[in-house]
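Residue numbers (this note's numbering): 282 to 831.
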């Protein structure tokens, strides 16, 4: 029986997922509320003022660095050579961006939503396109802005040596850099929504990069020549290069149109990883950042190790064979490196060789790229050292000191870096035959010196928790500066490897090569001594600070 005083509720209207005005408004309100809670009472003009200060400081630094470079203006023959081969060589950047986008999309990228968006908004009666279109647009916009900024810096530096105004070069660099990076994010979205298999994405990316590499080395047109030619608008505009902008806009529009078809499972996985990644970045835990980035790329150790004979030798477990045991563990670690990581290391070695050639031909700022490439390549190969630090509890059970174990863990990566050094030297020999002898003579010392920065970055994480005692004495005004210096110091150490390149450019002789080799080997020896002693000296400093507090 029913109570006559109770009025039955009207039937709930059916939810129409095809219309989105109300749903879009609700999603917008939720995101604005979450943004307001995240930012607190911070006003928009405070953020704008900070952005203005950063932009002003960055612009002043770029102009000052450009004025400090007194490189000579290139000759007409060099300009003709750049006009002929520049589009193909610069088009490699766009080709690599597309290849990276294909792999990122096949691995579930490039969008990384917050966990509430995946768990609630994607399950709400709202079209997924309404939820996903804004994050996709933000991802493409942020990457395009970063690429445009890098392009502006490259254009300002190119204007110092090539014909054309600084404004024209900066504008051309902004457009070319923005297109090259925007097409990376858009291609990743397209690969994601079309369910491109990882093997197919890798094959297509490799074919594209290979075709563009052939175009860069020969006069054969390449698939990304228009992207490379777009950067050269600073000295000679070609109307056909507008096709690169048109293609970029088309791919971006297609990505935004299909944004609602992104799969929620990879988005949820990436959301969890991104939250951990942000925390690791906040804590300045570089090792955790590297591991999380590998998880986001679905990169795993090989199930079947590479056939390395050194890894199969059995050694006696005694204190006298500590070095042999550590080396054997190192070879086991190297044998499990995936092919993708070895490929990245080889590509970085080639890029370092290209940076050396550009530096030898008179572009001094390219020397910075040498240190950056060597640092990144060494971070990929120094896996044995990283594993020892990850398992520091087991390392502490050895009969020797932890620092002694870490020092012995550097032997295997040093040997593995030799083939990559030869790859970089071969790149220099092909592009600059006159420097072939010096390239092969200095390749190994330069690469080992470049690895010192990565060693300092990795081994510096072995400090005990009590090491924060000295950090607590740092004044707040200098805390940010100390953080920046601690972050940039390893890259600066790796950049020491570029000094012999500048020396050989100024005075190309055998004596210069010999003196440079001796200096680099001394730097490597100093790094090894630091690995062996830095914890001991750190303990003494902390004991001194604690004694002063009493």
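Beta carbons are placed, not taken as given, at the ideal position from N, Cα and C, and that holds for glycine.
Judged by their CB atoms, residue 772 and residue 734 are nearer to each other than the 8 Å cut-off.
Annotation: the continuous alpha helix (DSSP H) that includes residue 700 extends over 692-712. For a cut-off of 8 Å, the C-beta gap from residue 641 to residue 713 is around 6 Å, short enough to register as a contact. Taking the C-beta atoms as reference points, residue 477 is found no nearer than 8 Å to residue 391. Of the other Cβ atoms in all chains shown, 16 or more fall within 10 Å of the Cβ of residue 775; this residue is therefore buried. If you compare the alpha carbons of 653, 576 and 549 with that of residue 629, the shortest gap goes to 653.
Boundaries for residue 540: no alpha helix (DSSP H) harbours it, and the DSSP string shows neither H nor E there.
Looking at the backbone, the Cα of residue 487 and that of residue 731 are separated by about 27 Å. A Cβ-Cβ contact shorter than 8 Å links residue 688 with residue 809.
DSSP places residue 664 in the uninterrupted alpha helix (DSSP H) bounded by 664-671. The beta-carbon distance between residue 617 and residue 583, rounded to whole angstroms, is 5 Å. This is short enough to meet the 8 Å contact definition. DSSP places residue 491 in the uninterrupted alpha helix (DSSP H) bounded by 479-498. Sequence-distant partners of residue 737 (beyond 5 residues in either direction) whose C-beta falls short of 8 Å from its own C-beta, in its chain, are 770, 771, 774, 808 and 811.
Using a 10 angstroms sphere on the CB of residue 624, the tally of other CB atoms stays under 16, which defines it as exposed. When the five nearest sequence neighbours on each side are left out, the beta carbons in the same chain lying within less than 6 Å of the beta carbon of residue 549 are those of 399, in order along the chain. For residue 684, the enclosing alpha helix (DSSP H) covers residues 683-689.
Annotation for residue 626: the continuous alpha helix (DSSP H) segment containing it runs 620-641. The C-beta of residue 420 has 16 or more other C-beta atoms within 10 Å across all chains shown, which makes the residue buried.
A residue is called buried once 16 or more other Cβ atoms fall within 10 Å of its Cβ, and residue 799, having fewer, is exposed.
Taking 8 Å as the cut-off, the Cβ atoms of residue 665 and residue 610 count as close.
Within the model, the alpha-carbon separation for residue 429 versus residue 423 is close to 10 Å. CA-CA distance, residue 455 to residue 438, rounds to 13 Å. For residue 790, the three-state secondary structure derived from DSSP is coil. Shown here, residue 581 sits in coil according to DSSP, grouped into three states, outside any helix or strand.
The segment 519-536 makes no contact with the segment 441-450, as fewer than three CB pairs between them are under 8 Å. Taking C-beta separations shorter than 7 Å and ignoring five residues to either side along the sequence, residue 415 has no partners in its chain. In this structure, 671 is the residue among 493, 649, 671 and 496 with its C-alpha nearest to the C-alpha of residue 572. Nearest to residue 434 by C-alpha distance, out of 512, 721, 544 and 585, is 512.
Each of 436, 443 and 374 was checked against the Cα of residue 462, and the nearest Cα belongs to 374. When C-alpha distances from residue 661 are compared across 631, 626 and 651, the shortest belongs to 626.
Exclusion of the five residues before and after residue 639 leaves 647 as the residues of its chain whose Cβ lies within less than 7 Å of its Cβ. Judged by DSSP secondary structure, residue 738 falls within the alpha helix (DSSP H) whose first and last residues are 717-740. By the C-beta criterion, the segment 696-713 is judged to be in contact with the segment 723-730, since at least 3 inter-stretch pairs fall below 8 Å.
Burial is judged here by how many other beta carbons sit within 10 angstroms of a residue's own beta carbon; residue 801 has at least 16 and is buried. For residue 469, the enclosing alpha helix (DSSP H) has its first and last residue at 447-474. Contiguous alpha helix (DSSP H) elements confined to the segment 360-442 occur at 409-439, taking only those with 4 or more residues.
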